[in-house]
DNA sequence: CCTAAATGTGTAATCGATTACATGCACATG
DNA sequence: CATGTGCATGTAATCGATTACACATTTAGG
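Chains as they are written, first to last, in this note's numbering: chain W, 1 to 329; chain E, 1001 to 1329.
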């Protein structure tokens, strides 16, 4: 492999000069520069990033830690992040925790060992070991989707989004509303959305029958199963609407409802959260909330870049959202 | 930052011994090993990958070059790749060309500079400069989706998949079949699928009216627009079926058809390729071809890993597929 | 014409690991 | 008892860049 030394030799200069020419730093005569560039061109020389980053402590790489690589939400966020970063010449190092808390921590450390300049975490849970690790590695850090104490966080306004959806259902006349959530180890999706739902129901003096509550695991299948369970448990007092905290679970639930011959929204109205592609094209189209994930990703990346430049930035950013009313209610 | 030297000093050994302890290479006494590990634990020491990879020429990172980060197909492939790689302790460095041929080449070189151990390219086109660059960088290389001469390639059986779909439509009695393809700079999606379609039509002595042919750009919108164009151009001789080479374009086309009040499949049958999530949940559900993208990704990764171990492997692998018959035909 | 500043280039240390080679010791073997 | 072998550790070179510092030459200003 050609190295900077080879180039230096061929161009009859020291490697210092080659380095300066390539990085536009310091003084280099026009003559030397030309000679160097020509040889770089001819040889196809590519500088070693490992050597560079060993010396400079920078890599031009941002690490991303995802709970799942295969959901639309994460894809959109990653896409947004990449858009912002690529413009500035940064690359993305991807890791997927498969929802494993231990891996989350492991990957933070691994990314540090790889000298990433910053880390973006799509967090799904909050715990002390995680926070401690983030402190320890001492790398510009950013969390999307969960508020991590002491860490710059971009959070969706889960509470109000869920509250708006619930209110909307109530205004449409629904009084018996079923709910499919997720574990509240996930404070945002599991905690806040359910809290908002319960708060709004209470505000309107509407009872929440615990038979109408299900807990899924984000998957379409779990939506299907939980809907089945809810209907079984409420034979004599069927809910007239369902609030699923993710589109995928809403879709699974609709699948079951259709199978059983229920009409949506006449027999049961359904809402989700996420504004997935599918929500738009299925029949009936699904009422949902758009979290502008691409934009969240873009914002996250540019905030992180600002952090890298040592700009002081706030700790918490609340993202906007938008209700999308469609045919399922 | 703590380095191997700090650890060595604290443990009263040379850094050689620390290195050996950490990498389980050579002899290290139980006593020394324990002392070292304890200190590593306490200090939270993380070895620098830059230094390591500068010395060893390996990074434990595989570069991936995608045409788009945001489609289901690529996501599924990446997911599969990651599954295989993560097991072996490799990470993924992601780049997105946004369908720009020049970036494809740029990123290959960039990935080399980052000392990736191998590169997986989801190619969308084949050209000499690309092939030349791949030769030049001399890194274990693998292509998915296009056959690149001289490069280990995993290819979908586009020809037969498209032929099967066309035959199926013909057996259902369709004789006037419209077609929405993409540019044939993409030899697989653009070239082979259209070729198969035309071949099968010819075999069955069925005419292909050029008014029934559209060219989209993979997007849902383009499917919508091309369908509109086709119907406008064939007022007096409307096709009874549509073959779109991707699910997304099929979905766009269905969107337009529904808007215009056509019944699917009664008035016009529609098929796509890709087995997207959406194809399953929309109404009517879309007949399509499943390319098992996850598996393709997994296979690609494990083939690449075998290459890294210097195993000799074949140049071309043809992937299997499966027709999924649904309600849209 | 003298001095200070600007320009151009090189020397050598440095980043943090790995690893070939050398050394020392304990023990078994013939 | 001489010697070969396994174990444990250390010394120092090396990977390929960047950069502080020194030095030489040119240019500008008074």
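Note that beta-carbon positions come from the ideal geometry of N, C-alpha and C, so glycine has one too.
Quiz item: Considering residue 1100(E), what are the terminal residues of the beta strand (DSSP E) in which it resides?
Solution: The residue given as residue 1100(E) occupies position 100 in the second chain. No beta strand (DSSP E) holds residue 1100(E); DSSP gives it neither H nor E.
Quiz item: Where do the N-terminal and C-terminal ends of the alpha helix (DSSP H) with residue 1128(E) fall, by residue?
Solution: Position 128 of the second chain, counted from the start, is the residue given in the question as residue 1128(E). DSSP places residue 1128(E) in the uninterrupted alpha helix (DSSP H) bounded by 1128 to 1137.
Self-check item: Neighbour-count burial assignment, residue 1102(E), 16 or more Cβ in a 10 Å radius
Solution: Numbered from its first residue, the second chain carries residue 1102(E) at position 102. By the Cβ-count criterion, residue 1102(E) is exposed, with fewer than 16 other Cβ atoms from all chains shown falling within 10 Å of its own Cβ.
Quiz item: Within this structure, are the beta carbons of residue 242(W) and residue 178(W) separated by less than 8 Å?
Solution: Within the first chain, numbered from 1, the residue matching residue 242(W) stands at position 242. Within the first chain, numbered from 1, the residue matching residue 178(W) stands at position 178. Against a cut-off of 8 Å, the Cβ pair of residue 178(W) and residue 242(W) comes out as a contact.
Practice problem: Between the Cα of residue 1298(E) and those of 1194(E), 1074(E), 1193(E) and 1327(E), spot the shortest distance and give me the residue it belongs to. | Solution: Here residue 1298(E) refers to the residue found at position 298 of the second chain. If we check each option's Cα against that of residue 1298(E), 1074(E) comes out closest.
Practice problem: Give the straight-line distance between the Cα atoms of residue 1010(E) and residue 1038(E), rounded to the nearest whole angstrom. | Solution: Residue 1010(E) sits at position 10 when you count from the first residue of the second chain. Residue 1038(E) sits at position 38 when you count from the first residue of the second chain. The alpha-carbon separation between residue 1010(E) and residue 1038(E) amounts to approximately 10 Å.
Quiz prompt | Residue ranges of each alpha helix (DSSP H) within the stretch 43 to 94 of chain W, 4 or longer | solution = As far as the stretch 43 to 94 of chain W is concerned, its whole alpha helix (DSSP H) runs of at least 4 residues are 49 to 56 and 72 to 87.
Quiz prompt | Proximal residues of chain W, C-beta to C-beta of residue 1304(E) below 8 Å | solution = For this step, residue 1304(E) is matched to residue 304 along the second chain. Ordered by position in chain W, no residue passes the 8 Å Cβ test against residue 1304(E), which lies about 16 Å from the chain.
Quiz item: In its own chain, which residues sit with a C-beta less than 7 Å from the C-beta of residue 1112(E), not counting the 5 before and 5 after it?
Solution: One-based indexing of the second chain puts residue 1112(E) at position 112. Answer for residue 1112(E): 1137 and 1139, listed in chain order.
Practice problem: Report the residues of the stretch 40 to 52 of chain W with a CB closer than 9 Å to any CB of chain E, ordered along the chain. | Solution: Closer than 9 Å at the C-beta level to chain E, one finds these residues of the stretch 40 to 52 of chain W: 44, 46, 47, 48, 49, 50, 51 and 52.
Quiz prompt | Contacts that residue 1115(E) makes with chain W (C-beta to C-beta distance below 8 Å) | solution = Looking up residue 1115(E) in the second chain gives position 115. Going along chain W in sequence order, the residues near residue 1115(E) (Cβ under 8 Å) are 48, 49 and 50.
Quiz item: Does the Cβ-Cβ distance between residue 144(W) and residue 77(W) come in under 8 Å?
Solution: Residue numbering aside, residue 144(W) sits at position 144 when the first chain is read from its first letter. Residue numbering aside, residue 77(W) sits at position 77 when the first chain is read from its first letter. Going by C-beta atoms, residue 144(W) is nearer than 8 Å to residue 77(W).
Quiz item: Are residue 197(W) and residue 166(W) close, meaning C-beta to C-beta below 8 Å?
Solution: To locate residue 197(W), count along the first chain from 1; it is residue 197. To locate residue 166(W), count along the first chain from 1; it is residue 166. It is a contact, given that the beta carbons lie within the stated cut-off.
Quiz prompt | CA-to-CA distance, residue 1158(E) to residue 187(W), given in whole angstroms | solution = As a working note, residue 187(W) is residue 187 in the first chain. As a working note, residue 1158(E) is residue 158 in the second chain. Computed Cα separation, rounded: 45 Å.
Quiz prompt | Element boundaries [beta strand (DSSP E), containing residue 1016(E)] | solution = In the second chain, counting from the first residue as 1, residue 1016(E) sits at position 16. DSSP places residue 1016(E) outside any beta strand (DSSP E); the residue lies instead in the alpha helix (DSSP H), whose first and last residues are 1015 to 1023.
Exercise. For residue 1244(E), go through chain W and note every residue whose CB falls closer than 8 Å to its CB, in chain order.
Key: Taking the second chain and counting its residues from 1, the one referred to as residue 1244(E) is at position 244. By Cβ distance, chain W contributes nothing, its closest Cβ being about 14 Å from residue 1244(E), past 8 Å.
Practice problem: Taking 8 Å as the cut-off, decide whether the C-beta atoms of residue 1308(E) and residue 48(W) are in contact. | Solution: The count along the second chain starts at 1 and reaches residue 1308(E) at position 308. The count along the first chain starts at 1 and reaches residue 48(W) at position 48. Pairing residue 1308(E) with residue 48(W) gives a Cβ-Cβ distance that is not under 8 Å.
Exercise. Could you tell me which residues DSSP puts in a beta bridge with residue 153(W)?
Key: The residue you call residue 153(W) lines up with position 153 of the first chain. Under DSSP, residue 153(W) shares a beta bridge with 143(W) and 316(W).
Quiz item: How big is the Cα-Cα spacing for residue 14(W) and residue 61(W)?
Solution: As a first step, residue 14(W) must be located in the first chain, where it is residue number 14. As a first step, residue 61(W) must be located in the first chain, where it is residue number 61. Each residue's Cα considered, the two are about 29 Å apart.
Quiz item: Would residue 1018(E) count as contacting chain W if we go by Cβ distances under 8 Å?
Solution: Translated into the one-based positions of the second chain, residue 1018(E) becomes position 18. At a cut-off of 8 Å, the C-beta of residue 1018(E) has no neighbouring C-beta in chain W.
Quiz item: Quick one, are the C-beta atoms of residue 1289(E) and residue 1264(E) less than 8 Å apart?
Solution: As a position in the second chain, residue 1289(E) is number 289, starting the count at 1. As a position in the second chain, residue 1264(E) is number 264, starting the count at 1. No; because the gap between Cβ atoms is not below 8 Å, this pair is not in contact.
Self-check item: Contact set between residue 282(W) and chain E, taken where Cβ atoms lie within less than 9 Å
Solution: Residue 282(W) sits at position 282 when you count from the first residue of the first chain. Result: 1278, 1281, 1282 and 1283.
Quiz prompt | Chain-order list of residues whose beta-carbon lies under 6 Å from that of residue 119(W) (same chain, five-residue window excluded) | solution = On the first chain, residue 119(W) is found 119 positions in, with the first residue counted as 1. Within the same chain, residue 119(W) has close Cβ partners 63, 111, 139 and 141.
Practice problem: Kindly indicate which residue of 223(W), 176(W) and 267(W) has the alpha-carbon position closest to the one of residue 328(W). | Solution: Within the first chain, residue 328(W) is the residue found at index 328, counting from 1. Of the candidates 223(W), 176(W) and 267(W), the one whose C-alpha sits nearest the C-alpha of residue 328(W) is 267(W).
Exercise. Run down chain W in chain order and give the residues with a C-beta less than 8 Å from the C-beta of residue 1228(E).
Key: As a working note, residue 1228(E) is residue 228 in the second chain. Simply none; closest approach about 17 Å.
Exercise. Pick out whichever of 65(W), 222(W), 261(W) and 306(W) has its Cα sitting closest to the Cα of residue 249(W).
Key: Residue 249(W) sits at position 249 when you count from the first residue of the first chain. Of the listed residues, the one whose Cα sits closest to residue 249(W) is 222(W).
Quiz prompt | Contact belief for residue 319(W) with residue 156(W) at Cβ below 8 Å, rounded distance in angstroms | solution = Here the question's residue 319(W) lines up with position 319 in the first chain. Here the question's residue 156(W) lines up with position 156 in the first chain. Between residue 156(W) and residue 319(W) the Cβ distance is about 5 Å, and since that is below 8 Å, they are a contact.
Self-check item: Straight-line Cα distance separating residue 1283(E) from residue 240(W)
Solution: Position 240 of the first chain, counted from the first residue, corresponds to residue 240(W). Position 283 of the second chain, counted from the first residue, corresponds to residue 1283(E). Here the alpha carbon of residue 240(W) sits roughly 23 Å from the alpha carbon of residue 1283(E).
Quiz item: With 8 Å set as the bound, which would you pick, yes or no: does the beta-carbon of residue 1290(E) sit closer than that to a beta-carbon of chain W?
Solution: If you number the second chain from 1, residue 1290(E) lands on position 290. No - not a single Cβ of chain W is within 8 Å of the one on residue 1290(E).
Exercise. On a CA-only basis, which of 80(W), 220(W) and 228(W) is nearest residue 213(W)? Give me that one, please.
Key: For the purposes of this step, residue 213(W) is taken as residue 213 along the first chain, with counting starting at 1. The shortest Cα separation from residue 213(W) among 80(W), 220(W) and 228(W) belongs to 228(W).
Practice problem: Pull up the DSSP beta-bridge partners for residue 1323(E), would you. | Solution: In the second chain, residue 1323(E) corresponds to position 323, counting from 1. For residue 1323(E), which the question treats as bridged, DSSP gives the partners 1289(E).
Self-check item: Option in 1203(E), 1152(E) and 1008(E) with minimal Cα separation from residue 1164(E)
Solution: One-based indexing of the second chain puts residue 1164(E) at position 164. Nearest C-alpha to residue 1164(E): 1203(E).
Exercise. Would you mind stating whether residue 316(W) and residue 147(W) have Cβ atoms separated by less than 8 Å?
Key: Numbered from 1 along the first chain, position 316 holds the residue referred to as residue 316(W). Numbered from 1 along the first chain, position 147 holds the residue referred to as residue 147(W). Pairing residue 316(W) with residue 147(W) gives a Cβ-Cβ distance under 8 Å.
Self-check item: Run of the beta strand (DSSP E) containing residue 214(W), from where it starts to where it stops
Solution: Taking the first residue of the first chain as position 1, residue 214(W) is located at position 214. From DSSP, the beta strand (DSSP E) with residue 214(W) extends over 213 to 215.
Quiz item: Does any CB atom of chain E fall closer than 8 Å to the CB of residue 94(W)?
Solution: Counting from 1 along the first chain, the entry for residue 94(W) is found at position 94. So yes, residue 94(W) belongs to the interface.
Exercise. Let me know if residue 1355(E) comes out buried or exposed under the rule of 16 or more other beta-carbons within 10 Å of its beta-carbon.
Key: The displayed coordinates of chain E run from 1001 to 1329. Any statement about residue 1355(E) would go beyond what the structure contains.
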